[in-house]
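**Q**
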Amino acid sequence: MDTTSSYGKMAMYKNVNKFEVINQQTVYAASGEVSDFQELTRFLREVERRSLNAADGYTHNAHDYANLLARKQYQMRNKGDPFLVQSVIGGIVDGKPYLAVIDPFGTPLQKTAVLTGYARYLCPPIVQNYWDETADEEKARRVVEECFKVLFYRDAKAVDRIQIAIVTERGVTIDEPIKLKTKWDHEAFLTRANEKLHTQ
Amino acid sequence: MEYLQSLQKGGFNFDNCHRNNLLIESNAVKPTVKKTGTTIVGVTFKDGVVLAADTRATSDTTVAEKNCAKIHYLAPNIYCCGAGTAADCEHVTEKMSSELELLRLNTGRVSRVMTAASRLQWNLWQYRGNIGAALIIAGVDPKGKWLAQLSPEGTTSYLPYCAMGSGSLAAIAILEAKFRDGLTQDEAVDLVQEAIEAGIFHDLGSGSNVDVCIITAEKTDYRRNYRVYNKKEWVKPTPYSFPPRNTRNFFSGYLTNALAILREHNIKLEVVPVGGERVGMEIEK
Chain A
1407 MDTTSSYGKM AMYKNVNKFE VINQQTVYAA SGEVSDFQEL TRFLREVERR
1457 SLNAADGYTH NAHDYANLLA RKQYQMRNKG DPFLVQSVIG GIVDGKPYLA
1507 VIDPFGTPLQ KTAVLTGYAR YLCPPIVQNY WDETADEEKA RRVVEECFKV
1557 LFYRDAKAVD RIQIAIVTER GVTIDEPIKL KTKWDHEAFL TRANEKLHTQ
Chain B
214 MEYLQSLQKG GFNFDNCHRN NLLIESNAVK PTVKKTGTTI VGVTFKDGVV
264 LAADTRATSD TTVAEKNCAK IHYLAPNIYC CGAGTAADCE HVTEKMSSEL
314 ELLRLNTGRV SRVMTAASRL QWNLWQYRGN IGAALIIAGV DPKGKWLAQL
364 SPEGTTSYLP YCAMGSGSLA AIAILEAKFR DGLTQDEAVD LVQEAIEAGI
414 FHDLGSGSNV DVCIITAEKT DYRRNYRVYN KKEWVKPTPY SFPPRNTRNF
464 FSGYLTNALA ILREHNIKLE VVPVGGERVG MEIEK
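Protein sequences, first through last, are from chains A and B.
Under our numbering, the first residue of the first sequence is numbered 1407, with each subsequent residue one higher.
Under our numbering, the first residue of the second sequence is numbered 214, with each subsequent residue one higher.
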């Protein structure tokens, strides 16, 4: 997840934590309208709070929250007033990693790799060629960083600061934001060949 | 004579473009242009440049051609990939290759990539983007190796690596992740093949196979269908070759058959050869 909240093409807030921890086995993030994301977080936290208050030994897991979001987003879509977000739920369900994306219409899709926004256009080949489900954490981190680097190169509205959240059986860890190491000193750029040719 | 004054005197007539825009806005007629919905890629490496393209041509949402050739010849040392409208790419590059040939004959010198790029840029700019040709021109000339990216509106950029077409997003992701200076020829070919593969499998407008063209100072290596993912099963045989005496001489039997039929019906026939006194056949009962 990048750490920006933008106002159109203006990167208004560049140090935003966009991961919402619902419980120790579920993390919620979203791509799109920030206010809708905040509303849906409020909704999920309320459900979690009620479940805790009931104190009946039953808790909701990531799969439940994904379904809940799907129903909620579908309801609003039917009223013609959709939540303009692609929601992503990540967590552990029955000891296995769980990842789901819910699109603005309310379609839930359980996947092993989720890409939202510009990443849908740029990153599928990187994820397909260099990552598989048997990858360990180190490999997954590298692939994620590579994807964000490519996004920073080619998405005009991107910023090179990202944050990674890891959910394991032991709980949720949200790392400190990192600045991507991008390469801008290709030979052709240093010799400024393009500029010279145009000014001949 | 006054009406002659009101006629447009010269230059390109944009009337049809206005008409087309009006038609599209009014949803009356939706023209389906055969576009190349493409992935094309160019990469410079240590000794030269390598171009690659997919081989699918689409007409809206139908695949018009499963194995078209998008790498066009401009000069023995300059090749060009074309994305956008298929006809525009084809004709614009053919015309440019003729111009370059004439220039080579006139000057006695090897063609330069910048010549092709500048002339094409001017040509495309004059038509304000109405010629839908997005080109990647690559070549090695006495001044070195060049890779030029032309947009249909007439912008030129000389880059170390570039991708164009609808599949360019997928291809450029691979290039950004894996390009570095000083690639060897094999590494460069693997890189472009992976980039086109990304376009083929992740973009719906691109598909079928990969064509590759490697240009170095010594030689040009055009590898048509370098990788085949979707083989086009039936291919028209070129050229057609017919064995001699393959067809029956239909007319040699025609007359005998006609005579036989007429004899059956007891009709006498007088045959007069063409050029004789009476031309044609008369049937006497």
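Where a beta carbon is used, it is the ideal one built from N, C-alpha and C, also for glycine.
Sort A:1501, A:1508 and A:1504 by Cα distance to residue 1491 of chain A and report the nearest one.
**A** Translated into positions along the first sequence, residue 1491 of chain A becomes position 85. Taking only the C-alpha atoms, the option nearest residue 1491 of chain A is A:1508.
**Q** Going straight from the alpha carbon of residue 1578 of chain A to that of residue 1570 of chain A, what length do you get?
**A** On the first sequence, residue 1578 of chain A is found 172 positions in, with the first residue counted as 1. On the first sequence, residue 1570 of chain A is found 164 positions in, with the first residue counted as 1. Going from the Cα of residue 1578 of chain A to the Cα of residue 1570 of chain A covers about 11 Å.
**Q** Along chain B, in chain order, which residues have C-beta atoms closer than 7 Å to that of residue 1559 of chain A?
**A** Residue numbering aside, residue 1559 of chain A sits at position 153 when the first sequence is read from its first letter. Correct list: 389.
**Q** Just the Cα atoms here: how many angstroms apart are residue 1537 of chain A and residue 225 of chain B?
**A** Taking the first sequence and counting its residues from 1, the one referred to as residue 1537 of chain A is at position 131. Taking the second sequence and counting its residues from 1, the one referred to as residue 225 of chain B is at position 12. Taking the straight line joining both Cα atoms gives about 52 Å.
**Q** Excluding the five sequence neighbours on either side, which residues of its own chain have a C-beta within less than 7 Å of the C-beta of residue 1585 of chain A, listed in chain order?
**A** By 1-based counting over the first sequence, the position of residue 1585 of chain A is 179. The residues are 1566 and 1567.
**Q** Measure the C-alpha to C-alpha separation of residue 1548 of chain A and residue 1533 of chain A and round it to an integer number of angstroms.
**A** Numbered from its first residue, the first sequence carries residue 1548 of chain A at position 142. Numbered from its first residue, the first sequence carries residue 1533 of chain A at position 127. If I take the Cα positions, the gap works out to 11 Å.
**Q** For chain A, check one thing: does any of its Cβ atoms lie closer than 8 Å to the Cβ of residue 266 of chain B?
**A** Looking up residue 266 of chain B in the second sequence gives position 53. No, because no Cβ of chain A sits closer than 8 Å to the Cβ of residue 266 of chain B.
**Q** Reducing DSSP to helix, strand and coil, say where residue 309 of chain B ends up.
**A** Numbered from 1 along the second sequence, position 96 holds the residue referred to as residue 309 of chain B. Helix at residue 309 of chain B.
**Q** Checking contacts by CB at 8 Å: is residue 394 of chain B closer than that to chain A?
**A** As a first step, residue 394 of chain B must be located in the second sequence, where it is residue number 181. Closer than 8 Å to some Cβ of chain A, the Cβ of residue 394 of chain B qualifies, so yes.
**Q** Counting contacts by CB-CB distance shorter than 8 Å, is residue 372 of chain B in contact with chain A?
**A** As a working note, residue 372 of chain B is residue 159 in the second sequence. Yes, its Cβ sits closer than 8 Å to a Cβ of chain A.
**Q** So with Cβ pairs under 8 Å, would you call residue 1469 of chain A a contact of chain B?
**A** For this step, residue 1469 of chain A is matched to residue 63 along the first sequence. Not closer than 8 Å to any Cβ of chain B, the Cβ of residue 1469 of chain A fails to qualify, so no.
**Q** For residue 1407 of chain A, which three-state DSSP category applies?
**A** Within the first sequence, residue 1407 of chain A is the residue found at index 1, counting from 1. Note: residue 1407 of chain A maps to coil in three-state DSSP.
**Q** Tell me the DSSP secondary structure of residue 370 of chain B in three-state form.
**A** The residue you call residue 370 of chain B lines up with position 157 of the second sequence. Strand, per DSSP.
**Q** So if I threshold CB-CB distances at 7 Å, which residues from the region 292–317 of chain B count as touching chain A?
**A** From the region 292–317 of chain B, no residue has a Cβ closer than 7 Å to chain A.
**Q** DSSP on residue 1570 of chain A, reduced to helix/strand/coil?
**A** Residue mapping note: residue 1570 of chain A aligns to position 164 of the first sequence, counting from 1. Note: residue 1570 of chain A maps to coil in three-state DSSP.
**Q** Helix, strand or coil, according to DSSP, for residue 216 of chain B in the structure here?
**A** Reading the second sequence from its first residue, position 3 is the one you call residue 216 of chain B. Reduced to three states, the DSSP call for residue 216 of chain B is helix.
**Q** Sort out for me which residues DSSP pairs residue 1547 of chain A with in a bridge.
**A** The residue labelled residue 1547 of chain A in the question sits at position 141 within the first sequence. Paired residue(s): none; residue 1547 of chain A is not in a bridge.
**Q** Against chain A, does residue 382 of chain B count as a neighbour if the rule is that its beta carbon must be under 8 Å from one of theirs?
**A** Counted from its first residue, the second sequence places residue 382 of chain B at position 169. Chain A contact via Cβ: present.
**Q** In whole angstroms, give me the CA-to-CA distance for residue 512 of chain B and residue 334 of chain B.
**A** The structure shown does not extend to residue 512 of chain B, since chain B is modelled only from 214 to 498, so the question has no answer here.
**Q** In chain A, which residues lie less than 8 Å from residue 377 of chain B when you measure between Cβ atoms?
**A** Walking along the second sequence from the start, residue 377 of chain B turns up at place 164. Those do not exist, as residue 377 of chain B stays about 13 Å from chain A at its closest Cβ, beyond 8 Å.
**Q** Looking only at its chain, what residues have a beta carbon closer than 6 Å to the beta carbon of residue 358 of chain B, apart from the 5 residues adjacent to it on each side?
**A** If you number the second sequence from 1, residue 358 of chain B lands on position 145. Contacts found: 257, 261 and 262.
**Q** Closest by CA to residue 1489 of chain A, which one among A:1501, A:1449, A:1526 and A:1454?
**A** Translated into the one-based positions of the first sequence, residue 1489 of chain A becomes position 83. That would be A:1449, whose Cα lies nearest to the Cα of residue 1489 of chain A.
**Q** Determine which residues share a DSSP beta bridge with residue 227 of chain B and list them.
**A** Residue 227 of chain B sits at position 14 when you count from the first residue of the second sequence. In the DSSP output, where bridge partners are listed per residue, residue 227 of chain B has none listed.
**Q** Check whether chain D comes within 8 Å of residue 347 of chain B, counting only Cβ atoms and requiring the distance to be less than that.
**A** Among the protein chains of the structure shown, namely A and B, there is no chain D.
**Q** Distance check for residue 1454 of chain A and residue 1428 of chain A, CA to CA, integer angstroms please.
**A** In the first sequence, residue 1428 of chain A corresponds to position 22, counting from 1. In the first sequence, residue 1454 of chain A corresponds to position 48, counting from 1. Going by the C-alpha atoms only, they are around 7 Å apart.
**Q** Could you give the first and the last residue of the continuous beta strand (DSSP E) run that contains residue 1442 of chain A?
**A** Taking the first residue of the first sequence as 1, we reach residue 1442 of chain A at position 36. Run containing residue 1442 of chain A: none in the beta strand (DSSP E); it sits in the alpha helix (DSSP H), 1440–1460.
**Q** Taking the CB atoms as reference points, tell me whether residue 419 of chain B and residue 269 of chain B lie closer together than 8 Å.
**A** For the purposes of this step, residue 419 of chain B is identified with residue 206 of the second sequence, where counting begins at 1. For the purposes of this step, residue 269 of chain B is identified with residue 56 of the second sequence, where counting begins at 1. Yes; because the gap between Cβ atoms is below 8 Å, this pair is in contact.
**Q** Pick from B:324, B:259, B:234 and B:278: whose alpha carbon is nearest that of residue 448 of chain B?
**A** Counting from one through the second sequence, the residue named residue 448 of chain B turns up at place 235. Measuring from the Cα of residue 448 of chain B, the nearest candidate turns out to be B:278.
**Q** Do we get a CB-CB distance below 8 Å when we pair residue 430 of chain B with the residues of chain A?
**A** Looking up residue 430 of chain B in the second sequence gives position 217. It does not; no Cβ of chain A falls within 8 Å.
**Q** Does any residue of chain B have a CB that is nearer than 8 Å to the CB of residue 1532 of chain A?
**A** Within the first sequence, residue 1532 of chain A is the residue found at index 126, counting from 1. Yes, its Cβ sits closer than 8 Å to a Cβ of chain B.
**Q** DSSP state of residue 375 of chain B, grouped into three classes?
**A** The residue given as residue 375 of chain B occupies position 162 in the second sequence. Strand.
**Q** Quick one: give me the first and last residue of the alpha helix (DSSP H) that residue 1491 of chain A is part of.
**A** As a working note, residue 1491 of chain A is residue 85 in the first sequence. Residue 1491 of chain A -> not in any alpha helix (DSSP H); beta strand (DSSP E) instead, spanning 1491–1499.
**Q** Helix, strand or coil for residue 450 of chain B per DSSP?
**A** By 1-based counting over the second sequence, the position of residue 450 of chain B is 237. If DSSP states are grouped into helix, strand and coil, residue 450 of chain B belongs with coil.
**Q** Looking at the strands, I want to know which residues DSSP matches up with residue 1433 of chain A.
**A** Here the question's residue 1433 of chain A lines up with position 27 in the first sequence. Note: residue 1433 of chain A sits in a beta bridge opposite A:1427 and A:1496.
**Q** Determine the extent of the beta strand (DSSP E) in which residue 1575 of chain A is found, giving its start and end residues.
**A** Locating residue 1575 of chain A in the first sequence gives position 169, counting from the first residue. Residue 1575 of chain A -> no beta strand (DSSP E), and no H or E assigned at all.
**Q** With a cut-off of 8 Å, does the C-beta of residue 237 of chain B fall near any C-beta of chain A?
**A** Counting from one through the second sequence, the residue named residue 237 of chain B turns up at place 24. Not an interface residue.
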